[in-house]
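Trainee: Have a look at the structure that comes next, please.
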Amino acid sequence: MPALVAGPLIIGANGRDFKPNRNRTGTLAMRGYSRPMHRLFVAIRPPAPVRSALLSLAGGVEGARWQDDEQLHLTLRFIGDVDRHRANDIADLLGGIRFTPFDVRIEGVGSFDRRGVVDTLWAGVQPREALAQLHRKVDRACARAGLPPEGRAYLPHVTLARFGRGGALVDAFLAVHAGLAGPSFRVDGFTLFESRLGHDGARYEAVADYRADGGSVSPAT
Numbered sequence: 252m253p254a255l256v257a258g259p260l261i262i263g264a265n266g267r268d269f270k271p272n273r274n275r276t277g278t279l280a281m282r283g284y285s286r287p288m289h290r291l292f293v294a295i296r297p298p299a300p301v302r303s304a305l306l307s308l309a310g311g312v313e314g315a316r317w318q319d320d321e322q323l324h325l326t327l328r329f330i331g332d333v334d335r336h337r338a339n340d341i342a343d344l345l346g347g348i349r350f351t352p353f354d355v356r357i358e359g360v361g362s363f364d365r366r367g368v369v370d371t372l373w374a375g376v377q378p379r380e381a382l383a384q385l386h387r388k389v390d391r392a393c394a395r396a397g398l399p400p401e402g403r404a405y406l407p408h409v410t411l412a413r414f415g416r417g418g419a420l421v422d423a424f425l426a427v428h429a430g431l432a433g434p435s436f437r438v439d440g441f442t443l444f445e446s447r448l449g450h451d452g453a454r455y456e457a458v459a460d461y462r463a464d465g466g467s468v469s470p471a472t
């Protein structure tokens with residue numbers, strides 16, 4: 252069983268320091284347990300130096316809602332809204348994933364659009380194959396919990412900014428940062444997060460933290 256947490260995400264120097272807290276039944280100790288649904292996703296937190304480099308890119312694009320430090324992550328699988336029972340099944344099944352740690356790096360920038368209107372700026376992550384393999388393992392675990400497989404192609408990235416319905420002119424930003432290259436960092440675990448919408452946008456809380464060997468991360472000090 253992975254380390255389970257209650258309360259807000261606590262960021263440490265390595266980007267993956269949390270306060271584990273398992274309740275008496277061994278189920279997810281999420282705040283707001285009385286709520287019927289939980290909006291979940293699985294992601295990797297880049298270490299602090301990488302996040303700092305990404306935060307330095309903010310600015311110069313009208314209408315952009317730039318991500319703050321707590322929002323920066325590399326998504327492995329978006330799960331969406333699930334009830335508490337399924338959330339616990341997902342957490343247990345993710346604990347069965349094993350993989351060999353690997354190194355990745357930030358490289359290049361890009362954008363997503365919806366119906367021809369840009370709605371997201373992102374930084375790319377290379378190499379992709381090891382991340383794609385881990386994504387497939389996470390996807391299979393979610394499928395065993397009763398979720399449909401993710402239908403869209405997986406593109407590893409870290410979201411930098413989002414835009415409203417009006418979109419944005421991002422060509423200049425993409426041209427300036429086309430050669431973006433960040434330091435490499437080790438992927439030796441991943442985290443199940445819960446997303447909560449507030450007045451200042453989405454805030455993320457760590458639900459369970461997983462190591463490559465299936466163990467749990469020690470409590471933050």
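Here the working numbering = 1-based position in the sequence shown + 251.
Note that CB positions come from ideal geometry on N, CA and C, so glycine has one too.
1) Helix, strand or coil, according to DSSP, for Arg-462 in the structure here?
2) Which of the three DSSP states, helix, strand or coil, is assigned to Asp-319?
3) Between the Cα of Leu-398 and those of Leu-448, Val-376, Arg-328, Ala-304, spot the shortest distance and give me the residue it belongs to.
4) For Phe-292, does the three-state DSSP call read helix, strand or coil?
5) Return the residue from the list Ile-295, Leu-323, Asp-390, Phe-350 that minimises the CA-CA distance to Ala-404.
6) Have a look at the DSSP bridge pairing and note the partners of Gly-440.
7) If Phe-444 and Ala-294 are in contact, beta carbons under 8 angstroms, what's the gap, nearest whole angstrom?
8) Hey, would you say Ala-432 sits closer than 9 angstroms to Ile-357, going by beta carbons?
9) Examine the Cβ distances between the stretch 350-370 and the stretch 313-324 and report whether three or more of them are shorter than 8 angstroms.
Mentor: On the basis of the supplied data:
1) DSSP places Arg-462 in strand when its eight states are reduced to three.
2) Here Asp-319 sits in coil by DSSP.
3) Of the candidates Leu-448, Val-376, Arg-328, Ala-304, the residue whose Cα lies closest to the Cα of Leu-398 is Arg-328.
4) Phe-292 sits in a strand when the DSSP states are folded into three classes.
5) Measuring from the Cα of Ala-404, the nearest candidate turns out to be Asp-390.
6) DSSP lists Arg-462 as partners of Gly-440.
7) About 6 angstroms separates the beta carbon of Phe-444 from that of Ala-294, a gap short enough to meet the 8 angstroms contact definition.
8) In contact: Ala-432 and Ile-357 (Cβ atoms closer than 9 angstroms).
9) Inter-segment contact for the stretch 350-370 and the stretch 313-324 is absent: fewer than three beta-carbon pairs are separated by less than 8 angstroms.
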